[in-house]
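This report refers to the structure that appears directly beneath it.
So, in C-alpha cells, the structure goes:
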C-alpha cells in the first residue's frame, strides 16, 4: 500500500507541474514561478537558488558552493509572476538585464526550503517560488519527512519481466521496476545467462532522449549505450553476463526541459557544469540508491562497473554495492561534444 507521506509528495509534484501552490511543513505557501498561473498573484518574497543569488549579486561564490541551496529574497516592490520568471530563468537575462535591487533574508526553516527546491527539481521545473502570495483555493501540503519517505528506494519492486532479443544480443531479458507514487519506471536489460558465481559487467545509464533516441552529438550517451550493450554481448559469449541499468533520470536528474535550458546556456558559452549551476540545479542529481535497489532485486551483489567516473564507483559503494572492478568505457570525441568531455575530465573527475 502507498504510504500517506509518499502520496503527498506525488500530489505535490503534480501540483508543481500544473502551477498549483504547495506548502512544505509549517512554512509559507509557495507558488512555482515557472508554471504558476494565478491571475494577479504577487508576493513580497521569492525563494531562489544560491547559484541564482550569485548572479543577482546576493551571495558570494563560497555561499553558492551548493548551487541548489535555497535563498530567500525580497524587493522594494512585490514580485508578480512575470518578474518572478525573469528572476528565475537565466535564459531571460538578456531580455530583462536590469533586476532588483534585492536583499537576502534569513530562512526560518532551512530543511523545508531545501525540500521545496528538491521538489521543484523532481517536478522538472525551475527552482524558484513566490513566497506567501495572496491566493484563493486549495494548497497541497507536504513535508521534508514525506520527501524522504518518497525517496526510500526500498519502495521499488519488480513490476514485470520478459525475454527481449536486442540487436546487440538475442539472449537478453528486460526487467521493469516501479515504485508506487512515482511515475518513473526504471528498467534493467540482462544480457547472457545470469551466473551468481561470476560478477556481471554492469553499466548505469541515465535516460537521455536526445542522445539515445535522436542521435545527439552534444553528448556521448548514445554511443556509450550502444558500446556497453555490445561489450556485454561479448562478455556473454565468453561465458559471463552483463546488466544495463537504464535509469529514468534525464539529464543526471534535472529533467528534459531543464537539460535543454542548460544546452541553451552552453550555446552562450557556459560549460555543462556552469550551465546546470546557473539554473540553480546540481551538477549531479542521480539517485544511486535506486540503482542499488535494482541490483538487489536482481540478486546481484558484486559488479564490474563500466564507467570513467570514480565518483560513480564511490557513490555505489556508499549505498552498499560491491564494485570489484572499474572497467573503462571511453569513446572518441566528435567536434560537438569535445568540450563536454573536457569538462567531464577537468571539472567532474572523469578519467578521460
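Residue numbers (the UniProt record's numbering): 1 to 352. Backbone N, C-alpha and C fix where the C-beta goes; we use that ideal spot for every residue, glycine too.
Cα-Cα separation between residue i and residue j, rounded to whole angstroms
{"i": "residue 316", "j": "residue 154", "result": "16 Å"}
{"i": "residue 126", "j": "residue 321", "result": "33 Å"}
{"i": "residue 182", "j": "residue 242", "result": "27 Å"}
{"i": "residue 306", "j": "residue 228", "result": "8 Å"}
{"i": "residue 89", "j": "residue 196", "result": "49 Å"}
{"i": "residue 76", "j": "residue 55", "result": "19 Å"}
{"i": "residue 78", "j": "residue 101", "result": "12 Å"}
{"i": "residue 23", "j": "residue 111", "result": "13 Å"}
{"i": "residue 8", "j": "residue 144", "result": "11 Å"}
{"i": "residue 328", "j": "residue 260", "result": "28 Å"}
{"i": "residue 52", "j": "residue 172", "result": "46 Å"}
{"i": "residue 70", "j": "residue 119", "result": "12 Å"}
{"i": "residue 93", "j": "residue 123", "result": "23 Å"}
{"i": "residue 209", "j": "residue 252", "result": "12 Å"}
{"i": "residue 256", "j": "residue 206", "result": "12 Å"}
{"i": "residue 353", "j": "residue 212", "result": "Summary: the structure shown does not reach residue 353, with the chain confined to residues 1 through 352, and so no result is reported for it."}
{"i": "residue 265", "j": "residue 43", "result": "28 Å"}
{"i": "residue 185", "j": "residue 248", "result": "7 Å"}
{"i": "residue 13", "j": "residue 150", "result": "11 Å"}
{"i": "residue 38", "j": "residue 86", "result": "17 Å"}
Cutoff 8 Å; reference residue i; Cβ partners in own chain excluding five residues on either side
{"i": "residue 41", "result": "31, 80, 81, 130, 133, 134 and 135"}
Bridge-paired residues (DSSP) for residue i
{"i": "residue 296", "result": "The partner list for residue 296 (beta bridge, DSSP) is empty, contrary to what the question assumes."}
{"i": "residue 160", "result": "176"}
{"i": "residue 305", "result": "202 and 326"}
{"i": "residue 140", "result": "22"}
{"i": "residue 188", "result": "175 and 245"}
{"i": "residue 135", "result": "DSSP lists no partner for residue 135."}
{"i": "residue 104", "result": "73"}
{"i": "residue 122", "result": "Residue 122 is not bridged to any residue."}
Close Cβ partners of residue i (< 6 Å) along its chain, the five nearest in sequence each way excluded
{"i": "residue 156", "result": "177, 179 and 293"}
{"i": "residue 291", "result": "204 and 245"}
{"i": "residue 103", "result": "74"}
Close-in-space but distant-in-sequence residues of the same chain around residue i (CB under 7 Å, 5 per side omitted)
{"i": "residue 194", "result": "241"}
{"i": "residue 288", "result": "315, 316 and 319"}
{"i": "residue 254", "result": "121, 276, 281 and 285"}
{"i": "residue 83", "result": "none"}
{"i": "residue 336", "result": "217 and 218"}
Can you list the alpha helix (DSSP H) stretches of 4 or more residues lying completely in the segment 36–82, in chain order?
-> 50–55
Does the segment 200–218 touch the segment 234–243, meaning 3 or more C-beta pairs lie closer than 8 Å?
-> Verdict: yes, contact present.
Any 3 or more C-beta pairs closer than 8 Å across the segment 162–173 and the segment 15–30 | no
Please determine if the segment 36–52 and the segment 105–119 are in contact, where contact requires at least 3 C-beta pairs separated by less than 8 Å.
-> yes
Should the segment 267–280 be regarded as contacting the segment 290–303, the criterion being three or more beta carbon pairs within less than 8 Å?
-> Output reads no: the segment 290–303 does not touch the segment 267–280.
Segments assigned beta strand (DSSP E), at least 3 residues, entirely inside the segment 210–291 = 242–247
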